[in-house]
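Protein chains in written order, with my numbering: chain A, 830 to 1019; chain U, 34 to 234.
C-beta: ideal position from N, C-alpha, C; glycine also.
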Amino acid sequence: MSSDSKDEEMICALTADEYGELQRGLRRLPETMPPHALWNRIREQAEAEGLLQQPLMRKRSTWYAGVGLAAAALLATVMLQPTVDLEGVVVPQETQTNIVEPSNLQALMVQSRQLESDLRALPAEPRVARAGTVATISDIENRIAGIDYQLNDSEVQMTPGDREIFWRERVRLMNLLLQLRYAQAQRAAF
Amino acid sequence: MTDMSKFADIHLDPGIIKRAARGDVRAHEIIYRAFSAPVYSICLRFTKSPAQAEDLVQESFIEIMRSIAKFRGEAALGSWIRRIAVTKSLMFLRSAWTKRGQPLADGWDDVTSGEPASHGISSHPDDALDLDAALANLSDVSRTVVWLHDVEGYTHKEIAGLMGKTESFSKSQLSRAYQRLRPMLGVDKNIQTSGAAIGSY
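Written as structure tokens, this is what we have:
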């Protein structure tokens, strides 16, 4: 896809202003999340076709893992206030990774916490809302809960790179959720 | 013209791709979590049907699992995944067109115009609703061409190749789509009259 050759193409039927407006509009269109259960369907099919390796069972016998978790929990108690999202779901304990992982991961965690704070600052969800909006919000919250589950599962051993991806996805979803809740609050105000 | 695609913004550690190539389920899940939204969005945008879009997402990620061992990293992973999703979506559309007994022709607008805009994308900030609805009311072909050209950054030549048509076909579809979208663009008339038209082919 060369943008050079695209520059030579003509944009017919629109003025420059209209074309600019269209581009801005397209840029503003949000992404849509697939249903939460879709990954399970894909995984089942992939396993049935032999495309995936079965994960090895991991032993949890090392004493230092317990010590590490205890230390992380203590640090979390000292450093972090518990946070609860709009639905009353406990938001992930932003714990172990604070200690050992790179600064961009730390930045994602801070950003995530800020977004949660922004969400809490919005008015409560309206009692009457568009069904589609409610469904989408619910879907996003489910996705966030799924990420939180994995981030907090002590059985899961992630590399720092994996963890960063999950946190980045969490921030992205939180942003999306905030946009939707903000739009919802605006509609309710009028 | 810039590539506004969300695919370009997603970067994964090469180690994850290597693990995925070995069939590591966690690595595949990470890829899925990273790309599922843009893949689903593009499938939904093309098909307008959440159920069909879900099937296409499933097909796309299964294809990714089958083929990722052959991915050499010459292009970005996002571009490669997008190509798979676009190809799957177009295959579906072609199949749907074939089932309906209609060739993929310039006159497709006449067949599909007036279809309702029920495409499953029902919750957006208000400022996006009009454009979303207007896009949904375009024919399948026109909407696909607009999306590929203006959002994903494909050239007319590439679109023509994907659709098995000529560049002129892609351009004329884009032109028709713009004509239909024009009334809702809401550009100030004073500005509009002073702005130069962008010409023709």
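query                                                                                                                                                             : result
What does the alpha-carbon distance come out to for the pair Ile231/U and Leu123/U?                                                                               : A caution first: Ile231/U carries a pLDDT of 46, below 50, which makes its placement in the model too unreliable to give a value.
For Val178/U, does the count of other Cβ atoms within 10 angstroms reach 16, so buried, or fall short, so exposed?                                                : buried
Could you list which residues in chain U have their beta carbon closer than 9 Å to that of Met862/A, in chain order?                                              : Ser69, Ala70, Tyr73, Ser74
In terms of alpha-carbon separation, which member of Arg105/U, Pro71/U, Lys103/U, Phe104/U lies closest to Val90/U?                                               : Pro71/U
Within 10 angstroms of its Cβ, does Asn933/A collect 16 or more other Cβ (buried), or is it exposed?                                                              : exposed
Identify every residue that forms a DSSP beta bridge with Asp57/U.                                                                                                : Gln882/A
In angstroms, rounded to a whole number, what distance separates the CA positions of Leu858/A and Leu164/U?                                                       : 8 Å
Determine the burial state of Val184/U: buried for a count of at least 16 other Cβ atoms within 10 Å of its Cβ, exposed for fewer.                                : buried
Along the region 104-127 of chain U, where does the CB come closer than 7 Å to a CB of chain C? Name the residues.                                                : In the structure shown, chain C cannot be found, because the protein chains are A and U.
Please classify Glu954/A: does DSSP put it in a helix, a strand, or coil?                                                                                         : coil
If we ignore side chains and look at the alpha-carbon of each, how far apart do Ala1017/A and Ala54/U end up?                                                     : 48 Å
Under the three-state reduction of DSSP, which class applies to Phe68/U: helix, strand or coil?                                                                   : helix
Output yes if chain U places a C-beta closer than 8 Å to the C-beta of Trp868/A; else output no.                                                                  : yes
Rounded to the nearest angstrom, what separates Asn1004/A and Val939/A at their Cα positions?                                                                     : 13 Å
To the nearest angstrom, report how far apart Phe94/U and Asn971/A are at their CA atoms.                                                                         : 21 Å
Reducing DSSP to helix, strand and coil, say where Ser74/U ends up.                                                                                               : helix
Against chain A, with Cβ distances strictly below 8 Å, would Leu195/U count as a contact?                                                                         : no
Can you name, in chain order, every residue of its own chain whose Cβ lies under 6 Å from the Cβ of Arg78/U, other than the five neighbours on each side?         : Trp180
Apart from the five residues just before and just after Ala1014/A, which ones in its own chain have a Cβ nearer than 7 Å to its Cβ?                               : Leu951, Pro952
Would DSSP call Met987/A helix, strand or coil?                                                                                                                   : coil
Helix, strand or coil for Leu238/U per DSSP?                                                                                                                      : There is no way to answer for residue 238/U, as the model of chain U reaches only from 34 to 234.
Which whole-angstrom value describes the C-beta separation of Ile966/A and Arg1010/A, a residue pair presumed to lie in contact below a C-beta threshold of 8 Å?  : 7 Å
Would you mind listing the beta strand (DSSP E) stretches within the region 76-120 of chain U that are 3+ residues and don't spill past its ends, in chain order? : none
Any Cβ of chain A within less than 8 Å of the Cβ of Phe94/U?                                                                                                      : yes
If I'm right that Met97/U touches Ile75/U with Cβ under 8 Å, what's the distance once you round it to whole angstroms?                                            : The question names Met, yet the displayed sequence has Ile at residue 97/U. Not quite, the Cβ-Cβ distance comes to about 14 Å (not below 8 Å), so this is no contact.
Using a Cβ cut-off of 9 Å, pull out every chain U residue sitting near Val945/A, in sequence order please.                                                        : First, the amino acid is wrong: residue 945/A is Glu here, not Val. Simply none; closest approach about 19 Å.
Considering just the uninterrupted stretch of the alpha helix (DSSP H) at Ala964/A, what are its terminal residues?                                               : 960-981
Note down, in chain order, each residue of its chain lying with its Cβ closer than 8 Å to the Cβ of Ile969/A, except the 5 sequence neighbours on either side.    : Met862, Leu1002, Leu1005, Leu1006, Leu1009
Could you confirm whether any beta carbon from chain U is found closer than 8 Å to the beta carbon of Leu934/A?                                                   : no
Measure the C-alpha to C-alpha separation of Glu191/U and Arg213/U and round it to an integer number of angstroms.                                                : 23 Å
Using 7 Å as the cut-off, classify the Cβ of Gln212/U as near or not near the heavy atoms of the ligand GTP, replying yes or no.                                  : Questions concerning the ligand GTP fall outside what the structure shown contains, since it holds no ligand whatsoever.
At least one CB of chain U closer than 8 Å to the CB of Gln882/A: is that the case?                                                                               : yes
With distances taken Cα to Cα, identify the nearest neighbour of Arg959/A among Ala1012/A, Gly854/A, Asp846/A.                                                    : Ala1012/A
For the alpha helix (DSSP H) containing Glu200/U, name the first residue and the last one.                                                                        : 200-214
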